[in-house]
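Participant:
2 protein chains.
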Amino acid sequence: MHHEFKDQAANAYRLEEQVGFLLRRASQRHLAIFAQMMPEITSTQFAALAKLCELGPTSQNALGRATGMDAATIKGVADRLRARDLITATPDPQDRRRHYLIPTEAGLALYARRAETGVAISDETLAPLSAREQATFLELLRKLC
Amino acid sequence: MHHEFKDQAANAYRLEEQVGFLLRRASQRHLAIFAQMMPEITSTQFAALAKLCELGPTSQNALGRATGMDAATIKGVADRLRARDLITATPDPQDRRRHYLIPTEAGLALYARRAETGVAISDETLAPLSAREQATFLELLRKLC
DNA sequence: CAAAATCCGTTTGTACACGAACAAGTCAGA
DNA sequence: TCTGACTTGTTCGTGTACAAACGGATTTTG
Chain H
1 MHHEFKDQAA NAYRLEEQVG FLLRRASQRH LAIFAQMMPE ITSTQFAALA KLCELGPTSQ
61 NALGRATGMD AATIKGVADR LRARDLITAT PDPQDRRRHY LIPTEAGLAL YARRAETGVA
121 ISDETLAPLS AREQATFLEL LRKLC
Chain S
1 MHHEFKDQAA NAYRLEEQVG FLLRRASQRH LAIFAQMMPE ITSTQFAALA KLCELGPTSQ
61 NALGRATGMD AATIKGVADR LRARDLITAT PDPQDRRRHY LIPTEAGLAL YARRAETGVA
121 ISDETLAPLS AREQATFLEL LRKLC
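Order-wise, the sequence lines are chains H and S. Residues 1 to 145 (the UniProt record's numbering) are what the first sequence spells out, left to right. Residues 1 to 145 (the UniProt record's numbering) are what the second sequence spells out, left to right.
1) Could you check how far apart the C-beta atoms of H:L22 and S:T136 are, in whole angstroms? I think they sit under 8 Å.
2) Does DSSP put H:L101 in a helix, in a strand, or in coil?
3) May I have the straight-line CA-CA distance separating S:E133 from S:T117, to the nearest angstrom?
4) Please go through the same chain and pick out, in chain order, the residues whose beta-carbon is closer than 6 Å to the beta-carbon of H:A10, but skip the five residues on each side of it.
5) Using C-beta distances below 6 Å, list every residue in its chain close to S:N61, excluding the 5 sequence neighbours before and after it, in chain order.
6) Just the chain H side, please: which residues come within less than 9 Å of S:A12 by C-beta, in chain order?
7) Cβ of H:S59 less than 8 Å from any chain S Cβ?
8) Nearest-angstrom Cα distance between S:A12 and H:S122?
9) Counting only runs of 4+ residues fully inside the segment 42 to 94 of chain S, write out the alpha helix (DSSP H) ranges in chain order.
10) Would H:A135 count as contacting chain S if we go by Cβ distances under 8 Å?
11) Kindly indicate which three-state DSSP category H:L108 falls into: helix, strand or coil?
12) Taking its Cβ as the centre, do 16 or more other Cβ atoms sit within 10 Å of S:F46, making it buried, or is it exposed?
13) If you count every other CB in all the chains shown that lies within 10 Å of the CB of S:G64, and 16 or more means buried, which is it?
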């Protein structure tokens, strides 16, 4: 029968207690908060834009590395940012493989206007925790990357 | 010029300090560990299969609710599990809209065989933390879902 | 200097993830 | 009883995410 398997395995594995499951749920909640508070742009796109504003002209792959997106992912993100005129690309004269990505005026303005909201989104995500717990949580979470 | 925007915003927003960014990175690392330790199935698919083994016959949407996947997502996951003969679907005679999802022998066996690995994956993900830190982290993470 | 190793950007294929809309089935309340 | 409000499963469109492969450019190294 099946219930021996079930009982045996259930002793070892409870979905609700696995880090992966909790990380997924917490991310989902965070992304919902983001979408609600900054509906005009994606979390990922805002991260890439913010990093690009911080770094200045950067090659596409380098921006991907700086934001934790692989080459295929950052390609799509950069394409969508370009389609929305938040960034532009200009060829690097030194290296013919490379294109520098640069934020447009609109991109820079969006970042300047919405950076505060970005912080507010983090605050809202962490709201269920006390200030002390938030600090602890962030410290531990940072160790898991 | 641009650097006033940049400096001003940079004071408020540092990507590396935002929860969303850290959650994304931690999830990425976890998923990489999962893929390495259980290459034959996806994290999401294993979660759905495990929950289904625990619950027994369940409708597709109900399984989605139990695993935190919306209707469109669980549809794809269930389709792939069915394509791999890990679950089957039989119509509910009481409610003609509904199909019960049920793990196959192969699905049950996979779960029984790999549940331990699931726990090991969680352990490996949390390995950078001490036992005490792990408990704290899980407790706080649970509050953020 | 030439070959090997890297890096750049791109494409293809697969898999989540969610909003929005839909048809069909079910159920509660007027 | 019938009508309106749900629920179930489905589809479509968009956006992340990664593996694997590729051609072309550049750098390293023998």
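Idealized CB from N, CA, C, for every residue including glycine.
Facilitator: Straight from the coordinates:
1) Contact flag wrong, Cβ pair sits at about 13 Å.
2) Looking at H:L101 - three-state DSSP - the assignment turns out to be strand.
3) Using only the alpha carbons, I get a separation of about 22 Å.
4) With a pLDDT of 46 at H:A10, under the threshold of 50, the modelled position of that residue is not reliable, and no figure is offered here.
5) For S:N61, same chain residues with a beta-carbon under 6 Å away, outside a window of 5 residues either side, are A71 in chain order.
6) Chain order gives the chain H residues near S:A12 as A115, E116, G118 and V119, where near means a beta carbon separation below 9 Å.
7) At a cut-off of 8 Å between beta-carbon atoms, H:S59 makes no contact with chain S.
8) Rounded to the nearest whole angstrom, the C-alpha separation of S:A12 and H:S122 is 12 Å.
9) As far as the segment 42 to 94 of chain S is concerned, its whole alpha helix (DSSP H) runs of at least 4 residues are 43 to 55, 60 to 67 and 71 to 83.
10) Among the residues facing chain S, H:A135 is not included, as its CB has no counterpart in that chain under 8 Å away.
11) Helix, per DSSP.
12) So S:F46 ends up on the buried side.
13) Buried, by the Cβ-count rule.
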